[in-house]
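In the order they appear, the protein sequences are chains C, H and W.
Count the first sequence with my numbering and you get residues 72 to 381, in order.
Count the second sequence with my numbering and you get residues 22 to 319, in order.
Count the third sequence with my numbering and you get residues -15 to 384, in order.
Scroll down for the structure; my scribbles are underneath it.
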Amino acid sequence: MDTLLQILVNGISVGAVYALFALGYTLVFSVLGVINFAHGALFTLGAYLTYLGVGGAVGSNGALAGWALPLALPFPVALLLAGAGCALANLLVEAIAFRPLRRRGAEPLLYLITSLGAGVVLVNLLQIAFGAEGYALPADALGDLPPVLSLAGARIRSVQLLLLLVCAVVMAVLTVWLERSRGGRALQAVSEDAVTARLLGIDSDAMVRLSFALSGLLAGLSGGLVGLSVSIAGPYFGIVYGLKGLGVLVLGGLGSVPGALLGGLVVGLAEAAVPGDLSGLKDAVAFAFLFAILLLRPQGLLGRPPISKV
Amino acid sequence: MPDGSLLVQMLIGALLGLSVYLPLAAGQLSLATPGFMTVGGYVAALLSTRVAALGGAEPLYPLPWLLLELVLAAVIALALALVVGLPVLRLRGIYLAIATIALNEILRVLLLNSSWTGGAVGIFAIPQPFGDPLGYLAALLLLLLLAGAACQVLAGHPLGRAMAAVRDDELAASCSGVDSFRVKLLAFGASAVLAALTGVLAAHFFNTWNARQGSFDASITTLAFVVFGGSRLWLGPVLGGLVLTALPELLRPVGDLRLVVFGAVILLGPLLFPQGVVTPALLQRLPLPAGWRRRLLP
Amino acid sequence: MPAVPPILPSVLRGGAVAAVVLALTAACSPAARRVSTPPLLGAAVALTGNASAIGQDQRIGLDLAAALLGPAGPGRPLPLTLAIEDAGTDEQSASQAFRTLIGRDVLAIIGPSLSQQAFAADPVADRAGVPVVGPSNTARGIPEIGPFVLRVSAPVSQVAPLSIARALRNDPALQRVAVFYAQDDAYSTSETAIFQKALTDRRLKPVSVQRHQFSDTDFQTQVTAVLPLNPQLVVISAGPVDGGNLVRQLRTLGYRGQIVAGNAMNSPNIFPICQRQCDGLLIAQAYSPALAGEANRRFVAAYRQKRGSDTPPQFTAQAYTAVQVVADALRRLDARRPVRGRPLAEVRRELNAEILAGRYDTPLGPIRFTPEGEVIQERFGVARVRMDADGRQGRFELLD
């Protein structure tokens, strides 16, 4: 049936964005057991960097008014560079907002607030630099790809399909890397037990930095892609995904990479399944679903149950 | 010198900080405070604007009706907290936090979609029980003093000690005969009541009330009050609420950099004061009368 | 020794502290403040938060007005200064910004940016007896807040139906209409009610009403739900960014019919969002850069000089107009009886009456006020958006 297929397509395409966002949270969570609230701001940064990379000029309201790079890079190159820039920025966030607390073995709650502070600073600096107006990446950034694909009557914008592909690839690469490679296993060892990992000769600091760099890279890539899909809605662009991303993260299971994808798709589908006349209740449905799952399965869909030690 | 109405907002912040602190003192990270505040605010807004018999032609909204709103809001919030707390408080740590955020979101969207709550516009022209901010200041100060006194009593009370035991190690507390679920539920209920009472006064003070009061941002901000001020003593969240509410206003002379500086303070606070600003060690150092110190420390 | 510490003394002591605080605050309250030299006007608009895209446009208009209308000049001997505060995007910040300005002894306040904020902040000024001129508050019920509350922004009820009428003139046979609106925004919900009433009055029942959040950007679900119903007209009430995105996704996913956009999308800020796909949008305007008249010519010229563009946004023009209205009225008042050094409360009261009584030649055209404070604006237009071939630049083409 047409509509059923369309709902599936809608749910998956919206869910992919949530999943990409939650994957960034997951990477840091799996190593440190804390949430990096600056992630949304990095997502925004990635979108703005991509915009600059493809040769976009700053609007008239920012401190950088009228400024543009002297060159216009192809979209994929600009996107990768934006990802790299966000990786660096996230390393900075780690150094300022996380490392001093980690040294002291502070409570996880503190990281929430320091990273929130870092996010507030970053978002407001972006507003000062770029102004509050929206920006859009050029519609022809994807070259000859048709803007809309039709699948047995269900319509999807090709950029959404691209987002879904990127999401699947990132998840596959991450899973394989975590399970198979030396670095990935070291990362997992640190997340299991930092002390033992150190005894095994693993540099846990390096592993934490690696997770932040990867998470930042992901934030940058997804920010640029989502910016291409729906335009950059101002400096608060990334923050609005923060709440859904958090929900998806917990729904899928904290620290679980496939869980983030599954969670994203579940929330996306739940939202898409809300009939048009009730579209105002969409967000409540997503969170009611999350709430129900939490009560039935507190560790999330793919998370491991917590161990209570006696 | 902050003006009267900024002091009112600071006191609202302090009360919300206490509301987040109470469950946290029993080890429960609940972010439902803005949700319960929203409920309290709607009780006040609906009663005072929709029930014609109340207030009516009087220039100032009668105080007895304000008291009625407070009682009603407290009862509704407590009932809601018990209903919601039964399933939710089985969750731990971040799962509880997310579940409470989910509840806030569900509440927000339902309120937004109901016609009797005024939808997105919310309810406006809420009558004033006080002629100027001083009345609100006195009412909120009284509420804060009562709440502080209650926290103070709690610190020496078996229930307070049970909360601390549950916070430090729930399993050990259960093993030594503490009904940990009851303790958590009580703390959650007290938090809800405090948030709802604050909401009643806030709705009158702000003249208008809508569903956005219970947003995710509000949850995180109130949490920041507690972390910034310190979660070990009840004075911590009070101080955090006062300071972090006043800061954006006091930073107005900074102009465009206002929120950048505000973010930097939130970032640096926990780095410089990992236990929050108000800690038992700080109280030991401060030149307080010995009696005060003894009473404030657990 | 009791297990419970004696609480009563602490409460009493706390009460004493409270009394001191109250006394201190009372001591600071204005007894008999006087009008400063030069007289100060205040403005509070959203410079941070989600609504800062609106506040940013308004700030340009305020700055232009301060530069153009502030200093003394030929025919206006009284110099004025303007203080601008950030009213944030929430109610609390707006109220506090208002109080900050009132504490600085302003004669009148221009602001806030959002209708929601107005419901919280305007009563603060009204109770203090300070005139408020809303530059962009279009929801129902704003002037009714109190005797000191006025607005220069025409309410949605006057503006919105015009574009529907225009769409029907373009296609009298159209039957199937789909409605979209941002459900968590006071302006959008007010406007969509007017739009939907205008449709019902013409016996057009929407085939679908889709709600979204102001901060949403992805409308795949809503758009694909509507397209199979084959709408011939889409009516949108939303902000510039969410609305722009919605238009773009409607067009990309294959909608070809007419689109009527609400008044908040009467802003060049939509051009970078929907680009080429903004083309053809029908928007009822409370301000058109193309409007004839000396006041608008001067305003557009000043805007061009400062920003290098000929199309000032509506929010900019309305903010400028708000300052002009206050400045004109104050100078009239001053000419009759100089205001400097007179008691603040008295001048504020007289200024309010003077603003209400006057007629103004502004960039919005000639305007005046009802006794309640509602703007009476003579000229509204419906514009069609025309985008350049590359989709970067566009303009609002005034239809007859």
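The C-beta atom is built at its ideal place from N, Cα and C for all residues, glycine as well.
Euclidean distance between Cα positions of residue i and residue j
i, j, result
"GLY56(H)", "GLY365(W)", "43 Å"
"ALA306(W)", "SER251(W)", "18 Å"
"GLN370(C)", "VAL92(H)", "38 Å"
"LEU318(H)", "ASP190(H)", "20 Å"
"GLN269(W)", "PRO156(W)", "22 Å"
"ALA10(W)", "ILE339(W)", "Unreliable positioning characterises ALA10(W) in this predicted model, as indicated by a pLDDT of 48, which lies under 50. The coordinate reading is nonetheless provided below. For ALA10(W) and ILE339(W), the distance between alpha carbons rounds to 31 Å."
"GLU250(C)", "ARG256(C)", "6 Å"
"LEU260(H)", "TYR307(C)", "29 Å"
"SER350(C)", "LEU131(H)", "12 Å"
"VAL102(C)", "LEU52(H)", "24 Å"
"TYR304(W)", "GLY188(C)", "35 Å"
"GLY241(W)", "ASP263(W)", "12 Å"
"VAL231(W)", "VAL244(W)", "10 Å"
"ALA348(W)", "ARG368(W)", "Here residue 348(W) is Leu; the residue named in the question, Ala, does not match the sequence. If I take the Cα positions, the gap works out to 18 Å."
"THR176(W)", "LEU216(C)", "36 Å"
"ALA290(C)", "VAL88(C)", "11 Å"
"ALA158(C)", "ALA373(W)", "37 Å"
"GLY61(H)", "ALA100(H)", "12 Å"
"VAL266(C)", "GLY104(C)", "14 Å"
"PRO55(W)", "LEU24(W)", "12 Å"
"CYS12(W)", "ALA28(W)", "Caution is warranted here: a pLDDT of 47 is assigned to CYS12(W), below 50, making its placement in the model unreliable, and no coordinate value can be reported."
"ARG316(H)", "ALA213(H)", "26 Å"
"ALA239(H)", "GLY276(H)", "23 Å"
Residue i: first and last residue of the uninterrupted beta strand (DSSP E) it sits in
i, result
"GLU381(W)", "378 to 383"
"HIS394(W)", "Past the edges of chain W, shown from -15 to 384, lies residue 394(W), and the structure says nothing about it."
"ALA270(W)", "Here ALA270(W) belongs to no beta strand (DSSP E), and DSSP marks it neither H nor E."
"ILE227(C)", "225 to 228"
"THR65(W)", "65 to 70"
"ILE273(C)", "Per DSSP, ILE273(C) belongs to no beta strand (DSSP E) and is neither H nor E."
First and last residue of the uninterrupted alpha helix (DSSP H) at residue i
i, result
"ARG153(W)", "140 to 154"
"ASP345(W)", "No alpha helix (DSSP H) contains ASP345(W), which is instead part of the beta strand (DSSP E) from 343 to 346."
"ALA102(H)", "84 to 109"
"TYR165(W)", "Per DSSP, TYR165(W) belongs to no alpha helix (DSSP H); it is in the beta strand (DSSP E), 161 to 166."
"ARG370(W)", "ARG370(W) -> not in any alpha helix (DSSP H); beta strand (DSSP E) instead, spanning 365 to 371."
"PHE201(C)", "179 to 201"
"PHE353(W)", "Unbroken run through PHE353(W) is the beta strand (DSSP E), 349 to 353; no alpha helix (DSSP H)."
"VAL207(W)", "204 to 210"
Whole-Å CB distance - residue i paired with residue j, under 8 Å assumed
i, j, result
"ILE147(H)", "ALA98(H)", "Going by Cβ atoms, the distance from ILE147(H) to ALA98(H) rounds to 19 Å, so no, they are not a contact pair."
"PHE255(W)", "ASP226(W)", "About 15 Å separates the two Cβ atoms, so there is no contact after all."
"ALA47(H)", "VAL187(H)", "5 Å"
"ARG352(W)", "TYR344(W)", "7 Å"
"THR73(W)", "GLY113(W)", "About 27 Å; that fails the 8 Å criterion."
"GLY295(C)", "GLY202(C)", "Not a contact, Cβ separation roughly 19 Å."
"THR236(W)", "GLN206(W)", "Not quite, the Cβ-Cβ distance comes to about 13 Å (not below 8 Å), so this is no contact."
"LEU266(W)", "ARG150(W)", "6 Å"
"VAL301(C)", "THR201(W)", "4 Å"
"LEU52(W)", "ALA286(W)", "6 Å"
"VAL241(C)", "ALA112(C)", "Their Cβ separation, rounded to whole angstroms, is 20 Å, which puts VAL241(C) and ALA112(C) out of contact at 8 Å."
Neighbouring residues, chain H, relative to residue i (Cβ below 9 Å)
i, result
"GLY45(W)", "Those within 9 Å of GLY45(W) in chain H number zero; the least Cβ separation is about 18 Å."
Partners in chain W for residue i, counting only beta-carbon separations shorter than 8 Å
i, result
"GLU126(H)", "Per Cβ cutoff of 8 Å: no residues; GLU126(H) is ~11 Å from chain W at best."
Closer than 7 Å at the beta carbon, the chain C residues around residue i
i, result
"ASN134(H)", "GLY351 and LEU352"
"VAL64(H)", "Per Cβ cutoff of 7 Å: no residues; VAL64(H) is ~21 Å from chain C at best."
"ALA285(H)", "GLY188 and VAL192"
Neighbour list for residue i in chain C, Cβ cutoff strictly below 8 Å
i, result
"VAL187(H)", "Under the 8 Å cutoff, chain C gives no residues; its nearest Cβ is about 14 Å from VAL187(H)."
Partner residues on chain W for residue i, Cβ-Cβ distance less than 7 Å
i, result
"ALA35(H)", "By Cβ distance, chain W contributes nothing, its closest Cβ being about 13 Å from ALA35(H), past 7 Å."
"VAL301(C)", "THR201, ASP202 and ASN229"
"GLY295(C)", "By Cβ distance, chain W contributes nothing, its closest Cβ being about 14 Å from GLY295(C), past 7 Å."
Chain H residues whose Cβ lies nearer than 7 Å to that of residue i
i, result
"LEU196(C)", "VAL281"
Residue i: contacting residues in chain C (beta-carbon distance under 9 Å)
i, result
"ALA28(W)", "Under the 9 Å cutoff, chain C gives no residues; its nearest Cβ is about 16 Å from ALA28(W)."
Under 8 Å: do the segment 124 to 139 of chain C and the segment 281 to 288 of chain C share three or more Cβ pairs, one atom per stretch? A contact is defined here as three or more CB-CB pairs under 8 Å, and the segment 124 to 139 of chain C fails this definition with respect to the segment 281 to 288 of chain C.
Between the segment 225 to 242 of chain H and the segment 359 to 375 of chain C, do at least 3 Cβ pairs fall closer than 8 Å? Judged by pairs of C-beta atoms under 8 Å, the segment 225 to 242 of chain H does not touch the segment 359 to 375 of chain C, as fewer than three such pairs exist.
Are there three or more Cβ pairs, one per stretch, closer than 8 Å when the segment 135 to 155 of chain W is compared with the segment 318 to 334 of chain W? Too few Cβ pairs lie closer than 8 Å, so no.
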